[in-house]
Amino acid sequence: MPQPRRLVLPVLLMALALSGCLLNPAAPTQLANTPSRTGTSQPTSSSGTASASVQPDNTPEPAATPMGPLLSAWRFRPTPQDDPRGVVAHPTTGELYFTTRYGVTVLKPNGASRGYTEAKRLDGLRFAIDSPLISADGRSVFFSDWQRGVSLGLFAVDTGSRSLSKVPFDVGSPIAVDAHLGITAHAALSADGKRAYLPSGDLYVYDLETGRRIERHKLGGSAQQIVRLDSDRFLVNLTQEGDAVGTLVVFRASGQIGEVLEVPFPICAIAARPGWVVGISHVVADIFQLVELLPAADDSLEAQPAAGFILGGEKGNTQLSLALRPGKRQVAVGRPGIYPYGETKILDREVGELATAETQHVAGLTFSPDGKALYVAHSPSLVSSLEAFSLP
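Take the sequence shown: its position 230, counted from the start at 1, is 337 in this note's numbering, and no numbers get skipped.
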């Protein structure tokens, strides 16, 4: 295992963080002066290709401009009311798969105000506390089934027929023994959808056709989250709760482990798409930092600080939901917490904060395939909802 190398961010960034202020490294706007949310929205109710390295997409695009407070365009409340767990959007059809504590609702676009109508409700299961996971080809959406803190198995929804089936796991290698909460947004699938990579201290690999655990990898740290970079490589977040620094490593499907990278602040969440890989660092209190991550061909890793921002939420809670906006170098970040503390923000990698949506207890979020809407699974007034916010 190579010795970790530490990324040294600018001294100014460190000093500002310790003093309770933070500058956007790409734009000289003091974060403390970021406009706060104003007003309360009144929603309308409604029933990969392999690559040697992954570099940021530097295609020129018009400069981003602030959007102002995001207003709700549509809201769905499942019956019965239960805690939201997460949401994913199908990359082609735009159908939404919204998980709650007792089931999953499949929603199809209705063409009005970014709204959806219920296509199918699959009840009677308890799903893992996190977002569902969709395969790269868009054919299956995976959910973990659990009860009393013990994972009972893995289920998949066929996105064509919308039928639910149980993925076989042999009794000699149950998913509960190795993976605890099973497949969630913290896990990753292989490019062909035949393997699941589950971070739970060590990194566990399952064959989804037989249900057998086929590999177990020690990465020199506690694996917390994994995202797929290309057909062969993954990025693993080794940052544990309470760590003073962030720790990341590139992992190949062959089992090869790259050089471990340490960054000055804990990494709360990571996300990737072809050409762009990002993480969110927790600097101090409610101050966070968007960080661009640059995996090289030799599996080394570099990081560059991008926009800094303030994100309200439950004090001490750094369990963030993170999504990348299609076609733009922008992200959505959500954080749990009762209003006025819980919220979701749209960030541009250079400009910083673009907009804020009033959300509470954020459990998951996803963009529409065209990037024109953000869907947030949350619990306003302790009532589970899936809410749509239109974007310019």
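Glycine residues also receive a C-beta, built at the ideal position from the N, C-alpha and C atoms.
Note that this is a predicted model, so its numbers are computed, not measured.
ask   = Taking C-beta to C-beta, are A295 and V352 nearer than 7 Å?
value = For this step, residue 295 is matched to residue 188 along the sequence shown. For this step, residue 352 is matched to residue 245 along the sequence shown. Taking 7 Å as the Cβ cut-off, A295 and V352 do not qualify as a contacting pair.
task = Evaluate T466 with the Cβ neighbour count: other Cβ atoms within 10 Å of its Cβ, from every protein chain shown; 16 or more gives buried, anything less gives exposed.
result = Looking up residue 466 in the sequence shown gives position 359. Buried: at least 16 other Cβ atoms inside 10 Å.
task = List the residues that DSSP assigns as beta-bridge partners of K273.
result = Counting from one through the sequence shown, the residue named residue 273 turns up at place 166. Looking at the DSSP output, K273 shares a beta bridge with F262.
key: Length at least 4, wholly inside the segment 164-230: the alpha helix (DSSP H) runs in chain order   = Counting whole runs of 4 or more residues, the segment 164-230 contains no alpha helix (DSSP H) stretch at all.
key: Three-state secondary structure (DSSP) of P412   = Along the sequence shown, read from residue 1 onward, the residue named residue 412 stands at position 305. Strand.
key: Where L229 falls, given that 16 or more other Cβ within 10 Å makes a residue buried   = Looking up residue 229 in the sequence shown gives position 122. It is buried - the Cβ of L229 has at least 16 other Cβ atoms within 10 Å.
ask   = A180 and A495 look like a contact to me (Cβ under 8 Å); what is the Cβ gap, rounded to whole Å?
value = As a working mapping, residue 180 is identified with position 73 in the sequence shown. As a working mapping, residue 495 is identified with position 388 in the sequence shown. Right, their Cβ atoms sit about 5 Å apart.
task = Could you work out which residue in E369, P176, T266 and L261 is closest to L305 when comparing CA atoms only?
result = Stepping through the sequence shown from its first residue, residue 305 is reached at position 198. Taking only the C-alpha atoms, the option nearest L305 is L261.
Cα-Cα separation, L400 to G386 = Position 293 of the sequence shown holds residue 400. Position 279 of the sequence shown holds residue 386. Cα to Cα, the separation comes out at about 7 Å.
key: Helix, strand or coil at P476 [DSSP, three-state]   = Position 369 of the sequence shown, counted from the start, is the residue given in the question as residue 476. Correct three-state label for P476: coil.
request  = Please list the segments of the beta strand (DSSP E) lying wholly inside the segment 301-383, counting only runs of 3 or more residues, in order along the chain.
outcome  = 302-307, 309-314, 320-324, 332-335, 340-344, 353-359, 368-370 and 374-380
request  = Tell me whether L429 sits in a helix, a strand or coil according to DSSP, three-state version.
outcome  = Position 322 of the sequence shown, counted from the first residue, corresponds to residue 429. Three-state result, L429: strand.
Burial state of G504 (16 or more Cβ within 10 Å) = Because the chain in this structure spans residues 108 to 499, residue 504 falls outside the shown range and cannot be described.
message = Assuming contact is defined by CB atoms lying nearer than 7 Å, are T207 and R192 in contact in what I supplied?
response = The residue you call residue 207 lines up with position 100 of the sequence shown. The residue you call residue 192 lines up with position 85 of the sequence shown. Cβ distance < 7 Å, so T207 and R192 count as in contact.
query = L498: buried (16+ other C-beta within 10 angstroms of its C-beta) or exposed?
reply = Within the sequence shown, numbered from 1, the residue matching residue 498 stands at position 391. Counting Cβ neighbours within 10 Å, L498 comes out buried, since at least 16 surround it.
ask   = CA-CA distance, G441 and L461?
value = Taking the first residue of the sequence shown as 1, we reach residue 441 at position 334. Taking the first residue of the sequence shown as 1, we reach residue 461 at position 354. Approximately 14 Å between the Cα atoms of the pair.
key: Alpha carbon of K325 to alpha carbon of G308, nearest angstrom   = Taking the sequence shown and counting its residues from 1, the one referred to as residue 325 is at position 218. Taking the sequence shown and counting its residues from 1, the one referred to as residue 308 is at position 201. For K325 and G308, the gap between their C-alpha atoms comes out near 8 Å.
inquiry  = Does R320 pass the burial test, meaning 16 or more other C-beta atoms within 10 Å, or should it be called exposed?
reply    = Residue numbering aside, residue 320 sits at position 213 when the sequence shown is read from its first letter. Buried is the call here.
ask   = Pick from Q426, A470 and Y482: whose alpha carbon is nearest that of I453?
value = One-based indexing of the sequence shown puts residue 453 at position 346. Looking at the Cα atoms, Y482 is the closest of the given residues.
query = Should G556 be labelled buried (16 or more other beta-carbon atoms within 10 Å of its own) or exposed?
reply = Here the chain covers residues 108 to 499 and nothing more, so residue 556 does not appear.
inquiry  = Does K435 pass the burial test, meaning 16 or more other C-beta atoms within 10 Å, or should it be called exposed?
reply    = Here residue 435 refers to the residue found at position 328 of the sequence shown. Classification for K435: buried.
message = Output needed for G155: all residues of its chain with C-beta closer than 8 Å, excluding positions within five of it in sequence on either side, in chain order.
response = Within the sequence shown, residue 155 is the residue found at index 48, counting from 1. In this prediction, G155 scores a pLDDT of 35, lower than 50, which makes its location untrustworthy; no coordinate-derived value is stated.
Rounded straight-line distance, which links the Cα of V274 to that of G318 = By 1-based counting over the sequence shown, the position of residue 318 is 211. By 1-based counting over the sequence shown, the position of residue 274 is 167. For G318 and V274, the distance between alpha carbons rounds to 7 Å.
ask   = What three-state label does DSSP hand L400 in the structure shown?
value = On the sequence shown, position 293 is the one that residue 400 refers to. The answer is strand: DSSP assigns L400 an E or B state.
Whole-angstrom distance between A360 and S488, CA atom to CA atom = Along the sequence shown, one-based indexing puts residue 488 at 381. Along the sequence shown, one-based indexing puts residue 360 at 253. Between S488 and A360, the C-alpha separation is close to 44 Å.
inquiry  = Need the endpoints of the beta strand (DSSP E) that L461 sits in, please.
reply    = Along the sequence shown, read from residue 1 onward, the residue named residue 461 stands at position 354. Residues G459 to E465.
key: Which residues DSSP lists as bridging V485, in chain order   = Along the sequence shown, read from residue 1 onward, the residue named residue 485 stands at position 378. Looking at the sequence itself, residue 485 is His, so the reference to Val does not match. Beta-bridge pairing links H485 to S492.
message = According to DSSP, is P470 part of a helix, a strand, or is it coil?
response = Along the sequence shown, one-based indexing puts residue 470 at 363. Per the sequence presented here, residue 470 reads as Ala, with Pro not at that position. Looking at A470 - three-state DSSP - the assignment turns out to be coil, as it is neither helix nor strand.
message = Taking the beta strand (DSSP E) that R442 belongs to, which residues open and close that run?
response = Residue numbering aside, residue 442 sits at position 335 when the sequence shown is read from its first letter. Annotation: the continuous beta strand (DSSP E) that includes R442 extends over Q437 to R442.
request  = Tell me whether A295 sits in a helix, a strand or coil according to DSSP, three-state version.
outcome  = To locate residue 295, count along the sequence shown from 1; it is residue 188. DSSP places A295 in strand when its eight states are reduced to three.
query = Taking the C-alpha atoms as reference points, what is the distance between L129 and V390?
reply = Here residue 129 refers to the residue found at position 22 of the sequence shown. Here residue 390 refers to the residue found at position 283 of the sequence shown. Low per-residue confidence applies at L129: pLDDT is 43, beneath 50, and the placement is therefore not dependable, though the value from the model is reported in the following sentence. So the alpha carbons of these two residues sit roughly 9 Å apart.
Which of helix, strand or coil DSSP assigns to E450 = Within the sequence shown, the letter at position 343 stands for residue 450. Strand, per DSSP.
task = Report yes if the CB atom of G459 is closer than 7 Å to the CB atom of G420, and no otherwise.
result = The sequence position of residue 459 within the sequence shown is 352, counting from 1. The sequence position of residue 420 within the sequence shown is 313, counting from 1. No, Cβ-Cβ distance for G459 and G420 is not below 7 Å.
request  = Sort Q363, D350 and L214 by Cα distance to E322 and report the nearest one.
outcome  = Stepping through the sequence shown from its first residue, residue 322 is reached at position 215. When only C-alpha atoms are compared, the closest one is Q363.
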